[in-house]
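S.K.:
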Amino acid sequence: MHSKTLRELADGLDSGQFSSEELTRHFLARINEHNPTVNAYITVMEEQAIAQAKAADARRANGKASVLDGIPLAHKDIFCTEGVRTSCASKMLDNFIAPYNATIVEKIATAGMVTLGKTNMDEFAMGSSNETSWYGPVRNPWNTDCVPGGSSGGSAAAVAAGLAPASTGTDTGGSIRQPAALCNLTGLKPTYGLVSRYGMIAFASSLDQAGPMTRTAEDSALLLQAMAGFDEKDSTSLKRDIPDYNATLNDSLEGKVIGVPKEFFAEGLSDEIATKVRDALAEFEKQGATLKEISLPHSHLSIPCYYVIAPAEASTNLSRYDGVRYGHRCENPQDLADLYTRTREEGFGDEVKRRILVGTYALSAGFYDAYYRKAQRIRRLIKQDFIEAFKEVDIIAGPTSPNPAFGIGEKVNDPLTMYLEDMYTIAVNLAGIPGLSIPAGLVDGKPVGLQLIGKDFCEAELLNAAHRFQLATDWHQQTPAAFA
0 MHSKTLRELA DGLDSGQFSS EELTRHFLAR INEHNPTVNA YITVMEEQAI AQAKAADARR
60 ANGKASVLDG IPLAHKDIFC TEGVRTSCAS KMLDNFIAPY NATIVEKIAT AGMVTLGKTN
120 MDEFAMGSSN ETSWYGPVRN PWNTDCVPGG SSGGSAAAVA AGLAPASTGT DTGGSIRQPA
180 ALCNLTGLKP TYGLVSRYGM IAFASSLDQA GPMTRTAEDS ALLLQAMAGF DEKDSTSLKR
240 DIPDYNATLN DSLEGKVIGV PKEFFAEGLS DEIATKVRDA LAEFEKQGAT LKEISLPHSH
300 LSIPCYYVIA PAEASTNLSR YDGVRYGHRC ENPQDLADLY TRTREEGFGD EVKRRILVGT
360 YALSAGFYDA YYRKAQRIRR LIKQDFIEAF KEVDIIAGPT SPNPAFGIGE KVNDPLTMYL
420 EDMYTIAVNL AGIPGLSIPA GLVDGKPVGL QLIGKDFCEA ELLNAAHRFQ LATDWHQQTP
480 AAFA
């Protein structure tokens, strides 16, 4: 059952092949067996999951089940879940029990899905390898000596190892797409504002976006349908009609123009990844699409721009963790300054501290104009590059990550090299547009991701292209042998 897609699981539940309780117990058993190896889960919600599964079976018996009713999934431990620890993989929130549900958790529950647990991640979503978690690194099911990508590495590893059929993630600079690429999944970062951020613990508020992590594009369409929509509790949520993302999955790609940025195939991309991506692009040509070389002239500024804006917003968002209201509190503080200082010193890990310091510096008097304001101007230039490119093409395509999964510990002491792992994904967040990573091959037994980028609110178009590609290829069906 753990190798089935969401669509196949829905069909199995409808036909009575298995019940939601049987399905849920199957995944809980696999978590018990394999999670010690991959460390994908921080919290397993066994009692709640079984209760939810029994309720789903009752709805199905009464003829009231929806398409996703009774199917299990995992939530990244960045989403508040009422009555359950929500830690953001940080010592700072290890004792925090959320008093309410994030909107995305509420929507998934309304769809009838069963929550298996909360997945591991980089601390406060800050990282590209899932090594900054206070609960230890997540291991890639394809090679457990390697990282799964980050920050949504636990969500990616859970699905890749068959410990959940789907999961939620968040993407601030590639944190859904990069782990999806490294773990052979389909990972979608929606248009900014399409999915509510309410109850999602903030890293960089103008960049964070929740999205689905699944095996297939069809599954991502099903999950996005349940997740998307206006939320009055989120001031960044956009009020617009949500299309049927499944309705156009099988549309022809004949006549589509796919832009291939020359900057994505320059220095920094491994030769093996480049070959696999170009082979994948050739499949779109077979289906009637046209490839066109384009330029995104300011893309090389994405990383320096991001690493001013994101830390600046993080330094503001994380100022609330002071030991006064909730979360970790140091013992026996001497005074208020000692309380603040030792609480934050003890509660935050090195990468989080590094980004807070960088962000505070960029926002400080005398440096705001030189760094933060200038970065925002560059952000507009990056957005304008995409606007101009989409006048000529329907979709932009290229690699998701410059390298396959690297070894645990290999880059943890070299943050600048680590930051370059997001060189192809960050611009999408800065521009606020949708991006999708899909499996496109293997290099030395490690997965390769193909990234598809679309115009604002064109998720259906990306999912259509991805689905057509997956109908013609079987890379998305490949699974790590150790977790078969």
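Here the sequence shown is numbered in numbering that gives the first Met the number 0, starting from 0 and rising by one per residue. C-beta: ideal position from N, C-alpha, C; glycine also. Since the structure is predicted, the reported quantities are computational estimates derived from the model, not experimental observations.
(1) Under a three-way DSSP split, which group does Met226 fall into?
(2) Does the distance from the C-beta atom of Met91 to that of Gly358 stay below 8 Å?
(3) By DSSP, does Pro353 sit in helix, in strand, or in coil?
(4) Would you say the segment 45 to 65 touches the segment 177 to 185, given that touching needs at least three Cβ pairs under 8 Å?
(5) How big is the Cα-Cα spacing for Glu344 and Asn129?
(6) Would you mind working out which of Lys445, Ile308, Val66 and Gly440 sits nearest Glu517, comparing C-alpha positions?
(7) Would Ser236 be called buried (16 or more neighbouring beta carbons within 10 Å of its own) or exposed?
(8) Just curious, the beta strand (DSSP E) that Gly116 is in, first and last residue?
(9) In this structure, does DSSP put Val66 in helix, strand or coil?
(10) Does the Cβ-Cβ distance between Trp141 and Lys390 come in under 8 Å?
(11) Just curious, the beta strand (DSSP E) that Met212 is in, first and last residue?
(12) Please give me, in chain order, every unbroken run of the alpha helix (DSSP H) with length at least 4 that falls completely inside the segment 68 to 142.
(13) Going by DSSP, name the residue or residues bridged to Ser436.
(14) Measure the C-alpha to C-alpha separation of Thr4 and Ala73 and round it to an integer number of angstroms.
(15) Considering only residues of the same chain and omitting the five flanking positions on each side of Ile377, which have a CB-CB separation below 6 Å?
(16) Note down, in chain order, each residue of its chain lying with its Cβ closer than 7 Å to the Cβ of Ala465, except the 5 sequence neighbours on either side.
(17) Which value, in whole angstroms, describes the spacing of the CA atoms of Thr171 and Ala369?
(18) Consult DSSP for Asp45 and reduce its assignment to one of helix, strand or coil.
(19) As a quick exercise: from Ala48, Asn316 and Asn139, pick the residue whose alpha carbon is nearest that of Thr114.
(20) Kindly indicate which residue of Gly448, Phe229 and Val83 has the alpha-carbon position closest to the one of Thr190.
(21) Give the straight-line distance between the Cα atoms of Ile272 and Gly453, rounded to the nearest whole angstrom.
(22) Which partner residues of Glu292 appear in the DSSP bridge assignment?
(23) Could you tell me whether the segment 16 to 30 touches the segment 107 to 121, where touching means 3 or more Cβ pairs closer than 8 Å?
(24) Roughly how many angstroms separate the alpha carbons of Gly322 and Leu338, rounded to a whole number?
M.R.: Looking at the atomic coordinates:
(1) Mapped onto the sequence shown, residue 226 falls at position 227. Residue state, collapsed to three classes: helix.
(2) Within the sequence shown, the letter at position 92 stands for residue 91. Within the sequence shown, the letter at position 359 stands for residue 358. No. Outside cutoff.
(3) The sequence position of residue 353 within the sequence shown is 354, counting from 1. Checking the displayed sequence, the identity of residue 353 turns out to be Arg instead of Pro. Of the three classes helix, strand and coil, the one that applies to Arg353 here is helix, per DSSP.
(4) no
(5) Stepping through the sequence shown from its first residue, residue 344 is reached at position 345. Stepping through the sequence shown from its first residue, residue 129 is reached at position 130. If you take the alpha carbons of Glu344 and Asn129, they lie about 21 Å apart.
(6) Given that the chain is displayed from residue 0 to residue 483, the structure contains no residue 517 and the question cannot be resolved.
(7) Counted from its first residue, the sequence shown places residue 236 at position 237. Buried, by the Cβ-count rule.
(8) Your numbering for residue 116 matches position 117 in the sequence shown. Val113 to Thr118 is the span of the beta strand (DSSP E), which, as asked, contains Gly116.
(9) As a position in the sequence shown, residue 66 is number 67, starting the count at 1. Here Val66 sits in coil by DSSP.
(10) Sequence index remark: in the sequence shown, residue 141 carries index 142 (1-based). Sequence index remark: in the sequence shown, residue 390 carries index 391 (1-based). No, Cβ-Cβ distance for Trp141 and Lys390 is not below 8 Å.
(11) As a first step, residue 212 is located in the sequence shown; it is residue number 213 there, counting from the start. Looking at the DSSP string, the run of the beta strand (DSSP E) that includes Met212 is Ala209 to Thr213.
(12) Fully enclosed alpha helix (DSSP H) runs of 4 or longer: 102 to 109.
(13) Position 437 of the sequence shown, counting from 1, holds the residue named residue 436. Paired residues: Gly186 and Gln450.
(14) Here residue 4 is taken as the residue at index 5 of the sequence shown, counted from 1. Here residue 73 is taken as the residue at index 74 of the sequence shown, counted from 1. Rounded to whole angstroms, Thr4 to Ala73 spans 14 Å at the Cα level.
(15) Stepping through the sequence shown from its first residue, residue 377 is reached at position 378. So the list reads Leu300 and Cys304, once near-sequence residues are dropped.
(16) Taking the sequence shown and counting its residues from 1, one reaches residue 465 at position 466. Around Ala465: Thr185, Ala216, Leu435, Ile437 and Leu451.
(17) Position 172 of the sequence shown, counted from the start, is the residue given in the question as residue 171. Position 370 of the sequence shown, counted from the start, is the residue given in the question as residue 369. In a straight line, the C-alpha of Thr171 is about 23 Å away from that of Ala369.
(18) Counted from its first residue, the sequence shown places residue 45 at position 46. Note that residue 45 corresponds to Glu in the displayed sequence, not to Asp. It is helical.
(19) Within the sequence shown, residue 114 is the residue found at index 115, counting from 1. The option with the nearest alpha carbon to Thr114 is Ala48.
(20) Working through the sequence shown from its first residue, we reach residue 190 at position 191. Minimum Cα distance to Thr190 is reached at Phe229.
(21) Within the sequence shown, residue 272 is the residue found at index 273, counting from 1. Within the sequence shown, residue 453 is the residue found at index 454, counting from 1. Each residue's Cα considered, the two are about 21 Å apart.
(22) If you number the sequence shown from 1, residue 292 lands on position 293. DSSP lists Val259 as partners of Glu292.
(23) yes
(24) Residue numbering aside, residue 322 sits at position 323 when the sequence shown is read from its first letter. Residue numbering aside, residue 338 sits at position 339 when the sequence shown is read from its first letter. In this model, Gly322 and Leu338 are separated by some 7 Å (Cα to Cα).
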